[in-house]
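Asks:
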Amino acid sequence: MIKTKVLSAVFIASASLGLARAAVAADAPTCEVEETVKFGGMNWESNLILADVERYILEKGYGCKTEMVPTETLTALAALERDDLQVNTEIWLNSISDAWAQAEKSGKVKRVGELYTGKEGWYIPKYTAEKFPDLKSAADLARHKDDFADPENPDKGRIYGCPAGWNCQLVATNLAKGLKLDKDFEVYAPGTGAAQKASLMSSYKRKKDIVFYYWEPTPLISTLELVRLQMPPYDKEKQLCLTREDCADPQAVDYPDNPVFTALNTRFTQDAPTLTQFFSKVTVPFEVVNKTLAHMEESGDDTSDVAQWFLKNQQDVWSKWVPTEVADRVKASL
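Convert by adding 1 to the 1-based position in the sequence shown; the result is the number in our numbering.
1) My output table needs one value for Ser320: the three-state DSSP class, helix, strand or coil.
2) Under the three-state reduction of DSSP, which class applies to Ser334: helix, strand or coil?
3) With Pro126 and Leu227 assumed to form a contact (beta carbons below 8 Å), what rounded beta-carbon distance in angstroms separates them?
4) Who are the Cβ neighbours of Asp185 in its own chain at under 7 Å, not counting the five residues just before and after it?
5) Which ranges does the alpha helix (DSSP H) cover as unbroken runs of at least 4 residues, wholly within the segment 146-209, from first to last along the chain?
6) Take Arg56 as the anchor and find which of Glu46, Pro71, Val38, Lys332 has the nearest alpha-carbon.
7) In chain order, what are the residue ranges of uninterrupted beta strand (DSSP E) at least 3 long that sit wholly in the segment 250-330?
8) What residue from Phe287, Thr267, Pro191, Val290 has the CA that sits closest to Lys109's CA?
9) Taking the C-alpha atoms as reference points, what is the distance between Arg330 and Phe279?
10) With burial defined as no fewer than 16 other Cβ atoms inside 10 Å of the residue's Cβ, what is the status of Met202: buried or exposed?
11) Please state whether DSSP places Gln87 in a helix, a strand or coil.
12) In its own chain, which residues sit with a C-beta less than 7 Å from the C-beta of Leu182, not counting the 5 before and 5 after it?
13) Evaluate contact between the segment 184-200 and the segment 82-101, counting only Cβ atoms and requiring at least three cross-stretch pairs below 8 Å.
14) Counting along the chain, where does the alpha helix (DSSP H) carrying Pro220 start and finish?
15) Do Val261 and Thr118 come within 8 Å of each other at the CB atom, strictly closer than that value?
16) Of the residues Gly301, His296, Pro324, which one's Cα is nearest the Cα of Lys313?
Printed below as a string of structure tokens:
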């Protein structure tokens, strides 16, 4: 009799376990697409963090396979058109407005989620502005070539631009031509975004006089005491020319506020309408982006760890992007 009761208990327990496993299996999400969803890994911090956030949600919430493909801005846009990439998390519109317009006209890419509005400019440290009170605008640099001498070419001044392959380097170079600075200044292109940041931080700590292009949101702009140099008023057509390699007559104008959005391959949007709906809802308050980047700066964590920090600490932000059951799966996995 006891043996029978024990066997019955074992049977019930086994059945319960089997039902639990079946329930878990039934609850496991199935991705809309069998292919690996490939993201463009442009090597600046906000893009890499947000792409890692989106990848985690796709994997844990939607059951998809994902991959980050290292690339550069224009290369990534071409890959998105070819369907070699399915997702470009951050498109900075004003930096590649002409290239984006052509890509969108092809019908091969779609603009979806509006992430935030970025800002760009040329900056000098506050201590430099105090040393040279006449230096108010970018055009005033013409009188200060020797104060910003290029270490590799002392006959010229140096303006720190963007890494080669970033379209902001093209804009900065054309802008220098429009300001008539190109004969006296080199627009220096660091090897990578990390090298760009390290060089600027090192110069700042040594109180060296530097002038450089940068963008925000970023911890570098928010943590250093900087002065933004004035530019001629913004003009849409002139600014559009600055983004082109074949800009025959660059005219200097100010950087406008820069819409930053997510772009998807069109075929992918057709095959994955649910995932497209997710991407279309991804938006992040400017102050939250700054807070996340500041956490990365303070912690020294890599982007995947910062992405998990974001998912744990900004649930009121990202949970609005997805249905409740998807949010629950993501939260349970953290």
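Built from N, CA and C at the ideal position, the CB exists for glycine as well.
Nothing here was measured: the structure is a model prediction, and the numbers come from that model.
Replies: Let's see:
1) Translated into positions along the sequence shown, residue 320 becomes position 319. In this structure, DSSP gives Ser320 a helical state, which the three-state scheme calls helix.
2) Here residue 334 refers to the residue found at position 333 when the sequence shown is read from its first residue. Helix.
3) Position 125 of the sequence shown, counted from the start, is the residue given in the question as residue 126. Position 226 of the sequence shown, counted from the start, is the residue given in the question as residue 227. Rounded, the Cβ-Cβ distance is 6 Å, consistent with contact.
4) For this step, residue 185 is matched to residue 184 along the sequence shown. Cβ neighbours of Asp185 beyond the five flanking positions: Ala143, Lys146, Lys157, Gly158.
5) Listed in chain order, the complete alpha helix (DSSP H) runs (minimum 4 residues) inside the segment 146-209 are 168-179, 194-206.
6) Taking the first residue of the sequence shown as 1, we reach residue 56 at position 55. The option with the nearest alpha carbon to Arg56 is Val38.
7) The segment 250-330 contains these whole beta strand (DSSP E) runs: 259-266.
8) Within the sequence shown, the letter at position 108 stands for residue 109. The shortest Cα separation from Lys109 among Phe287, Thr267, Pro191, Val290 belongs to Thr267.
9) On the sequence shown, residue 330 is found 329 positions in, with the first residue counted as 1. On the sequence shown, residue 279 is found 278 positions in, with the first residue counted as 1. So the alpha carbons of these two residues sit roughly 15 Å apart.
10) Position 201 of the sequence shown, counting from 1, holds the residue named residue 202. A residue is called buried when at least 16 other Cβ atoms come within 10 angstroms of its Cβ; Met202 does not meet this threshold and is exposed.
11) As a working note, residue 87 is residue 86 in the sequence shown. Correct three-state label for Gln87: coil.
12) Taking the sequence shown and counting its residues from 1, one reaches residue 182 at position 181. Here the set comprises Leu142, Ala143.
13) With fewer than three CB-CB distances shorter than 8 Å, the segment 184-200 does not count as touching the segment 82-101.
14) Here residue 220 refers to the residue found at position 219 of the sequence shown. That run of the alpha helix (DSSP H) goes 220-224.
15) To locate residue 118, count along the sequence shown from 1; it is residue 117. To locate residue 261, count along the sequence shown from 1; it is residue 260. Yes, the pair counts as a contact, with Cβ atoms nearer than the cut-off.
16) Locating residue 313 in the sequence shown gives position 312, where the first residue counts as 1. Across the set Gly301, His296, Pro324, the C-alpha of His296 shows the shortest separation from the C-alpha of Lys313.
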